[in-house]
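Presented below is the structure to which this report refers.
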Amino acid sequence: MTEVVLHIYDVTNSGSEKTNNTIMQINKIFKDGMGLGGIFHSAVQ
1 MTEVVLHIYD
11 VTNSGSEKTN
21 NTIMQINKIF
31 KDGMGLGGIF
41 HSAVQ
């Protein structure tokens, strides 16, 4: 077996309040309306 590291990044820290608010609204729709996760960025090392 090989050890891996999973990195999860917060995409609501873009530096643009408008972009961050849009992402949060989309995440809310996915979470509340569909019961799914939202927008995020991840990487496997």
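1 is the number of the first residue of the sequence shown in my numbering; add one for each residue after it. Positions of the beta carbon are idealized from the N, C-alpha and C atoms, including for glycine.
Residue i and residue j closer than 8 angstroms at C-beta
{"i": "I39", "j": "I26", "result": "yes"}
Which of helix, strand or coil DSSP assigns to residue i
{"i": "I8", "result": "strand"}
For residue j and residue i, the rounded distance between their alpha carbons
{"i": "M24", "j": "T12", "result": "7 angstroms"}
{"i": "G37", "j": "V5", "result": "20 angstroms"}
{"i": "K18", "j": "H7", "result": "25 angstroms"}
{"i": "N21", "j": "E3", "result": "36 angstroms"}
{"i": "K31", "j": "S14", "result": "21 angstroms"}
{"i": "D10", "j": "S42", "result": "9 angstroms"}
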